[in-house]
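Here's the structure we're looking at; comments come further down.
Following this line, the structure appears as structure tokens:
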């Protein structure tokens with residue numbers, strides 16, 4: 048079957064760096080996404096990885112290792128507004144495309 | 140302004156009612172998606188349309204019926220729903236299903252089934 052695991056909650060300090068991990072088990076892997084979702088709002092696309100390695104976008108970076116079924120989202124220079132849920136999602140090809148989301152990691156940034 | 144609009148924003152319906160959710164995107168995208176988000180549960184992809192053709196149906200019950208008349212509009216027709224169908228229904232769009240690098244979400248319709 049397909050499964051995605053990520054921590055339920057994390058707490059970090061303003062200005063620090065935090066790494067949110069995501070592990071997955073799937074066949075026919077076809078890409079991994081990270082989304083940010085503030086409470087009561089729609090998810091916002093952050094990153095997409097389909098090949099191994101690190102993708103950097105400003106303060107946010109995402110890493111993928113397909114052989115290990117592992118990804119992480121790295122947030123640098125944390126700001127209070129980064130307090131949100133971060134959703135890991137995996138797209139797989141098998142009898143058509145399927146996208147499965149993890150339960151999300153709630154990040155609390157404290158002063 | 141996300142470029143993806145959804146109506147209504149809130150909907151209360153009985154189990155015997157028939158209603159429709161509407162999504163419209165003004166971004167020139169070719170792929171559109173319906174998601175369900177229930178409290179304390181992962182986001183669930185329901186349907187995917189690419190160039191008006193349905194390409195994914197993630198085992199969604201038939202009481203949910205999608206319709207995509209063109210690449211800019213997506214509907215979700217609801218009938219004989221159950222209380223457990225109460226959730227936030229999100230619409231999203233992207234340039235192409237196979238290039239989901241940029242997927243934009245609408246604000247969602249919060250549905251309550253009584």
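Residue numbers (our numbering), protein chains in the order written: chain P, 48 to 158; chain V, 140 to 253.
Where is the CB? At the ideal position from N, CA and C, for every residue including glycine.
- Between the alpha carbons of residue 252 of chain V and residue 174 of chain V lies a gap of roughly 17 Å.
- One Cα belongs to residue 150 of chain P, the other to residue 208 of chain V, and the distance between them is close to 32 Å.
- Within chain P, not a single residue places a beta-carbon under 8 Å from that of residue 234 of chain V; the smallest gap is close to 12 Å.
- Of the residues V:198, V:225, V:217, V:242, the one whose Cα lies closest to the Cα of residue 159 of chain V is V:217.
- Counting the other Cβ atoms within 10 Å of the Cβ of residue 64 of chain P gives fewer than 16, which makes it exposed.
- Against chain P, a Cβ distance below 9 Å from residue 181 of chain V picks out 51, 134, 136, 147, 148, 149, 150, 151.
- Residue 243 of chain V places its beta carbon 8 Å or farther from that of residue 213 of chain V.
- Judged by their CB atoms, residue 190 of chain V and residue 205 of chain V are not nearer to each other than the 8 Å cut-off.
- By the neighbour-count criterion, in which 16 or more other beta carbons inside 10 Å mark a residue as buried, residue 171 of chain V falls on the buried side.
- Distance from residue 145 of chain V to residue 162 of chain V at the Cβ level is roughly 5 Å; contact confirmed, criterion being Cβ atoms closer than 8 Å.
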